[in-house]
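For the sequence shown, the positions run 3 to 326 when the numbering used here is used.
From the three backbone atoms N, C-alpha and C, an ideal C-beta is built for every residue, glycine too.
Quick caveat, the model's predicted, so the values are computed rather than measured.
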Amino acid sequence: MSSTDQGAHSVSITDVGARGSADEARPGRERRTERAAEAREHPVLTIEDFSVEYKGDRVVRAVKNVTLSLGRGEILGLAGESGCGKSTLAYGINRLLKPPAVITGGTAHFHSREGYVIDLNELSGEELRAFRWDKIAMVFQGAMNSLNPVITVQRQMEDIFSTHRPDLSRKERRTRCGDLLERVGVDRARLRSYPHELSGGMRQRVMIAMAMALDPQVMIMDEPTTALDVVVQREILREITRLRADLGFAVIFITHDLPLLLEISDRIAVMREGEIVELGDAVELYTNPQHDYTKKLLASFPSLTGERGDFIRGGTRHQDGGQA
Ligand SMILES: Nc1ncnc2c1ncn2[C@@H]1O[C@H](COP(=O)(O)OP(=O)(O)O)[C@@H](O)[C@H]1O
Ligand SMILES: [Mg+2]
3 MSSTDQGAHS VSITDVGARG SADEARPGRE RRTERAAEAR EHPVLTIEDF SVEYKGDRVV
63 RAVKNVTLSL GRGEILGLAG ESGCGKSTLA YGINRLLKPP AVITGGTAHF HSREGYVIDL
123 NELSGEELRA FRWDKIAMVF QGAMNSLNPV ITVQRQMEDI FSTHRPDLSR KERRTRCGDL
183 LERVGVDRAR LRSYPHELSG GMRQRVMIAM AMALDPQVMI MDEPTTALDV VVQREILREI
243 TRLRADLGFA VIFITHDLPL LLEISDRIAV MREGEIVELG DAVELYTNPQ HDYTKKLLAS
303 FPSLTGERGD FIRGGTRHQD GGQA
């Protein structure tokens, strides 16, 4: 399969992940299994026994004793039905939860590429804020609607640098903002635009560019493409896998869309009612699911049940010819 064959109608599961950049043009299965092994040996993030409750009138145990590790440069998919606790886990890792949410147990550690370890539990205030953009960046669910409509893209992007890289000159800031936009496939002339002048896909790319601004080692993306149509979704996914290969960040990619995760993830964690019920190599999880719930979840996507283990992503059966 050529690396430009990105609009294919159907792909074999063993090829998924092998598309994108030349760097990735190796058998998907082998490469993914390698990454999964890497993840165990060189984690960038380790989460142990992590629990979160919403202590409202009724106590909701949204995340229950989750243990996960994210490998350096790995794409870890987090799958599960709406309401199973995916966003709560993501917010919890990044210490972004607000009352009535309470972290009732567990730890999260960040393992820097420079060799030090940070206990996220011990960060607070300014330290925590700096850490968030710098080391772990997040693209929130519905993020594209969170851009301020009356401020230009440029000013919103520059804010990150003014806050976190105050030594940069104005000119350097502008250059970096333009470079970032181009990195995600948006013309730098768009810096002067207001958010309402951009399509949903472009706004989402801007959010991804902003998350990448400080060269984070981890990106947590919560349903980053859910609101977009399938063609735009695919273009953005392609962009993310390409950037991951170029820049080496790791991704926790959250979505209820399991077929999509099977295409891009090295490993997948399946979450149900606050618990991770299965975690494994993406190819393995698809071909040999262990947990009954994983089997049920796979079966609930008719597009995954083609012949001979081929899988056809429902929404992309038409030619998705558009370029990124
Ligand atoms: N602010 C809140 N107060 C009470 N319960 C909440 C709150 N936010 C989320 N929940 C509950 O926590 C559970 C997990 O929600 P969430 O993390 O948003 O799931 P997902 O992202 O997988 O759709 C759900 O049962 C949801 O109703
Ligand atoms: Mg959610």
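| query | result |
| --- | --- |
| What residues are listed by DSSP as bridge partners for P151? | Beta-bridge pairing links P151 to no other residue. |
| With respect to the beta strand (DSSP E) encompassing H196, which residues constitute its N-terminal and C-terminal limits? | Sequence check: residue 196 is Tyr here, not His. No beta strand (DSSP E) contains Y196, which DSSP labels as neither H nor E. |
| What does DSSP give as the partner residue(s) for F52 in the beta ladder? | V68 |
| What are the boundary residues of the beta strand (DSSP E) that includes D217? | Run containing D217: none; DSSP gives neither H nor E here. |
| Which residues in the same chain have their Cβ closer than 6 Å to the Cβ of F163, if we skip the five residues on either side of it in sequence? | L170, R175 |
| Which same chain residues, not among the five before or five after T165, have their C-beta less than 6 Å away from its C-beta? | none |
| For H198, count neighbouring C-beta atoms within 10 Å of its own C-beta (all shown protein chains included) and say buried if the count is 16 or more, exposed if not. | exposed |
| I want to know whether the stretch 133 to 140 touches the stretch 59 to 78 - three or more CB-CB distances under 8 Å. | no |
| Residues around ligand 1, please: the ones whose beta-carbon is closer than 6 Å to some heavy atom of it, in chain order. | Y56, G58, V62, A64, G82, S84, G85, C86, G87, K88, S89, T90, P102 |
| Starting from E277 and walking both ways along the beta strand (DSSP E), at which residues does that stretch end? | 277 to 283 |
| Whole angstroms is fine: what's the gap from C1's alpha carbon to L149's? | Here the chain comprises residues numbered 3 to 326, so residue 1 is not present and cannot be evaluated. |
| Judging by CA-CA distance, which residue of P102, A211, G82 is the nearest neighbour of K57? | P102 |
| How do the stretch 86 to 99 and the stretch 269 to 287 stand: do at least 3 beta-carbon pairs fall below 8 Å, yes or no? | yes |
| Short check: CB of F112 to CB of I105, under 8 Å? | no |
| When the Cβ atoms of the stretch 258 to 271 are set against those of the stretch 226 to 246, are three or more pairs found closer than 8 Å? | yes |
| When you compare the CB positions of I254 and L78, do they come within less than 8 Å of one another, or not? | yes |
| Using only the alpha-carbon positions, how far apart do R185 and L249 sit? | 11 Å |
| Quick one: which unbroken beta strand (DSSP E) runs of 3-plus residues sit fully inside the stretch 231 to 274? Chain order, please. | 252 to 257, 269 to 274 |
| DSSP has P45 in a bridge; who is on the other side? | G73 |
| Ignoring anything shorter than 3 residues, give me the beta strand (DSSP E) runs that lie fully in the stretch 110 to 134, in order along the chain. | 119 to 121 |
| Closest Cβ-Cβ distance between S171 and chain C: below 8 Å? | The chain inventory of the structure shown lacks chain C, comprising one protein chain alone. |
| So is L201 buried or exposed if we call it buried at 16+ other beta carbons inside 10 Å? | Contrary to the premise, residue 201 reads as Ser rather than Leu in this sequence. Burial call: exposed. |
| According to DSSP, is A81 helix, strand or coil? | strand |
| Does the separation of the CB atoms of D224 and A92 fall below 8 Å? | yes |
| Would T289 be called buried (16 or more neighbouring beta carbons within 10 Å of its own) or exposed? | exposed |
| D224 by DSSP, collapsed to three states: which one? | strand |
| Is the beta carbon of D136 within less than 7 Å of some heavy atom of ligand 2? | no |
| Can the beta-carbon of R192 be found closer than 8 Å to that of V155? | yes |
| Does ligand 2 have a heavy atom nearer than 7 Å to the CB of E160? | no |
| Pull up the distance between the alpha-carbon of M212 and that of K100, whole angstroms please. | 23 Å |
| On the DSSP bridge assignment, give the partners of G107 in chain order. | S53 |
| Once the 5 residues before and after Q292 are set aside, which same chain residues still bring their CB inside 7 Å of it? | E280 |
| With distances taken Cα to Cα, identify the nearest neighbour of E43 among G203, R207, E76. | E76 |
| Between the C-alpha atoms of L306 and L300, what's the straight-line distance to the nearest angstrom? | 7 Å |
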